[in-house]
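Here the structure comes first, spelled out in structure tokens, and everything after it is commentary.
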Amino acid sequence: MSSPGLLTFGESMAAFSTTSGKLRHADTVDVGVSGAEATVAIGVSRLGVDAAWTGRVGADEPGALVLSRLREEGVDTSAAMTDQEAPTGLLLKDFRTADSPRSAFYRNGSAGTRLCPEDLAEDLIRGAGALHLTGNTAGLSDTAAKAVIVAAEIANDAGVPFSFGLDYQQALWEPGEAKDLLAELVSMADIVFASEDEARSLGFSGSTDELASEFAAMGPEQVLIMLGPRGAIAELNGVRYDVPSYPVRTVGTEGADDAFIAGYLADFLTGAPPERRVRTAAACRAFAVSAPSEGKGLPDREELKQLARPR
Numbered sequence: 001m002s003s004p005g006l007l008t009f010g011e012s013m014a015a016f017s018t019t020s021g022k023l024r025h026a027d028t029v030d031v032g033v034s035g036a037e038a039t040v041a042i043g044v045s046r047l048g049v050d051a052a053w054t055g056r057v058g059a060d061e062p063g064a065l066v067l068s069r070l071r072e073e074g075v076d077t078s079a080a081m082t083d084q085e086a087p088t089g090l091l092l093k094d095f096r097t098a099d100s101p102r103s104a105f106y107r108n109g110s111a112g113t114r115l116c117p118e119d120l121a122e123d124l125i126r127g128a129g130a131l132h133l134t135g136n137t138a139g140l141s142d143t144a145a146k147a148v149i150v151a152a153e154i155a156n157d158a159g160v161p162f163s164f165g166l167d168y169q170q171a172l173w174e175p176g177e178a179k180d181l182l183a184e185l186v187s188m189a190d191i192v193f194a195s196e197d198e199a200r201s202l203g204f205s206g207s208t209d210e211l212a213s214e215f216a217a218m219g220p221e222q223v224l225i226m227l228g229p230r231g232a233i234a235e236l237n238g239v240r241y242d243v244p245s246y247p248v249r250t251v252g253t254e255g256a257d258d259a260f261i262a263g264y265l266a267d268f269l270t271g272a273p274p275e276r277r278v279r280t281a282a283a284c285r286a287f288a289v290s291a292p293s294e295g296k297g298l299p300d301r302e303e304l305k306q307l308a309r310p311r
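Numbering follows full-length UniProt numbering, in which position 119 of the sequence shown is assigned residue number 119; successive positions increment by one, without gaps.
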């Protein structure tokens, strides 16, 4: 990165999807990149803020696809690693109906599962404007979990704001296995993002209005609970914000929370006040759900002006 911006570390996969019907019947597929950290980095970059992604891909065409697409989006991949012994993970997605996407992940033994503390670019972490990590990467393997913890420790030691997306995926690990590690990462974070469903699956039992305060009591100064089409609830340095949603037609929800996170972090990194951060986050989510594929609808600054007032 040429200036202090966002640094992300985690898994990225090549994604192949069709917008209707079964994949077996498709004549063409949409080709892209999947992965929470990569999507957030792309979203931040589109909003004019420096962003970098670090992680592992295989020495294969899907890996080359991931790196080239990220670079095309202005995301710095100079610290990314190419694993000569493991393939890049794959995501295959199709739709039986417009409201029923089906996703199949092929990541066993992938380069992403081999992430480890030795992969961390400590100098980049210490020089970043913020570090963003997720529970999804922590759930990939024991070595990936250790890498996430060590990255958070480096950021804490350097005084770099640490942003954490809970991003709990039950397909990767059971709630009982995940809860303690994710709670530890929440306690280390300065900024925490979680959906209401993720919080519930990990045993948080307060009302929707209480969830942000429950997370804030664990340590982070900024907590944002994402409520899908109902907006979000934020507790930012002790002040409560009810974040509205924008009236748009939903086409797909893949990557919607990552778009919200990207909008918030982009404005956080530019020193915007909390009121603007949450509005930008909500607007970015609205653009994301207006497109069928993860990352396709992420807006630039000029597009943000086009939305109707939030409801």
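A virtual CB, placed ideally from N, CA and C, is assigned to each residue, including glycine.
May I have the straight-line CA-CA distance separating residue i from residue j, to the nearest angstrom?
i             : j                : result
threonine 134 : threonine 28     : 32 Å
aspartate 167 : alanine 26       : 30 Å
alanine 147   : aspartate 242    : 34 Å
glutamine 170 : threonine 88     : 21 Å
lysine 296    : serine 103       : 17 Å
alanine 151   : proline 117      : 8 Å
alanine 256   : glutamine 84     : 33 Å
aspartate 75  : aspartate 50     : Note that residue 75 is valine in the sequence shown, not aspartate. Distance between the alpha carbons of valine 75 and aspartate 50 is about 7 Å.
leucine 304   : proline 229      : 18 Å
valine 44     : lysine 22        : 33 Å
residue 312   : lysine 93        : No information on residue 312 is available, as it lies outside the stretch 1 to 311 that the chain covers here.
alanine 80    : arginine 56      : 6 Å
glutamine 222 : phenylalanine 16 : 35 Å
glycine 263   : alanine 194      : 15 Å
glutamate 73  : isoleucine 42    : 6 Å
methionine 1  : threonine 18     : Note that methionine 1 scores 48 on pLDDT, short of 50, meaning its location in the model is unreliable; the coordinates nonetheless yield the value given after this. Using only the alpha carbons, I get a separation of about 34 Å.
alanine 144   : arginine 276     : 34 Å
serine 34     : proline 220      : 27 Å
threonine 270 : leucine 298      : 18 Å
valine 278    : glutamate 214    : 19 Å
alanine 212   : serine 205       : 12 Å
If residue i sits next to residue j, beta carbons under 8 Å apart, how far is it from one beta carbon to the other, in whole angstroms?
i               : j             : result
phenylalanine 9 : threonine 54  : 5 Å
leucine 124     : alanine 52    : 7 Å
glycine 129     : glycine 5     : 5 Å
arginine 46     : aspartate 300 : 5 Å
isoleucine 149  : glutamate 196 : No, isoleucine 149 and glutamate 196 are not in contact; Cβ-Cβ is about 25 Å, not under 8 Å.
proline 244     : alanine 282   : 6 Å
Based on Cα-Cα distance, which residue from the options lies nearest to residue i?
i                 : options                        : result
glycine 58        : Thr280, Leu115, Leu131         : Leu115
serine 141        : Met81, Thr113, Glu118          : Thr113
alanine 216       : Arg71, Asn237, Ser207          : Asn237
glutamate 37      : Arg285, Ile261, Asp267, Pro299 : Ile261
glycine 32        : Gly21, Ser45, Ser12            : Ser12
threonine 82      : Glu61, Glu72, Leu307           : Glu61
phenylalanine 105 : Leu172, Gly219, Thr39          : Leu172
phenylalanine 287 : Gly206, Arg276, Glu302         : Glu302
glycine 109       : Gly127, Asp209, Pro101, Ala86  : Ala86
glycine 159       : Ala138, Asp180, Met188         : Met188
leucine 91        : Glu122, Asp30, Ala183, Ser163  : Asp30
glycine 127       : Ile154, Pro101, Asp180, Gly139 : Ile154
phenylalanine 162 : Leu120, Arg200, Ile191         : Ile191
aspartate 180     : Arg276, Met218, Glu122         : Met218
valine 40         : Ala272, Arg285, Leu307         : Arg285
alanine 121       : Arg24, Leu7, Leu298, Val186    : Leu7
alanine 138       : Asp119, Ala272, Leu185, Ser213 : Leu185
alanine 178       : Arg24, Asn136, Leu227          : Asn136
valine 66         : Ala111, Ala14, Pro101          : Ala14
Quick one: give me the first and last residue of the beta strand (DSSP E) that residue i is part of.
i             : result
glycine 32    : 30 to 34
leucine 185   : Looking at the DSSP string, leucine 185 is not in any beta strand (DSSP E); the run it does join, the alpha helix (DSSP H), is 175 to 188.
glutamate 72  : From DSSP, glutamate 72 is part of no beta strand (DSSP E) but of the alpha helix (DSSP H) over 61 to 72.
threonine 18  : Note, threonine 18: premise wrong, no beta strand (DSSP E); not H, not E.
leucine 131   : 130 to 134
residue 320   : Residue 320 is absent from the model: the chain starts at 1 and stops at 311.
aspartate 242 : 239 to 243
leucine 7     : 6 to 9
Here's the rule: buried if 16 or more other CB atoms are within 10 angstroms of the residue's CB, otherwise exposed. What is residue i?
i             : result
valine 239    : exposed
serine 68     : exposed
threonine 77  : buried
arginine 107  : buried
aspartate 258 : buried
glycine 203   : exposed
glutamate 235 : buried
proline 175   : exposed
proline 247   : exposed
glycine 165   : buried
threonine 208 : exposed
glutamate 210 : exposed
glutamate 254 : buried
glutamine 306 : exposed
alanine 63    : Checking the sequence, you will find glycine at residue 63 rather than alanine. By the neighbour-count rule (16 or more Cβ atoms within 10 Å), glycine 63 is buried.
arginine 249  : exposed
aspartate 157 : exposed
Between which two residues does the alpha helix (DSSP H) carrying residue i extend?
i                 : result
phenylalanine 204 : No alpha helix (DSSP H) contains phenylalanine 204, which DSSP labels as neither H nor E.
leucine 140       : No alpha helix (DSSP H) contains leucine 140, which DSSP labels as neither H nor E.
leucine 124       : 122 to 127
alanine 52        : Taken as a continuous stretch (DSSP letters only), alanine 52 belongs to no alpha helix (DSSP H), being part of the beta strand (DSSP E) at 51 to 54.
valine 160        : Counting along the chain, valine 160 falls outside any alpha helix (DSSP H), and DSSP gives it neither H nor E.
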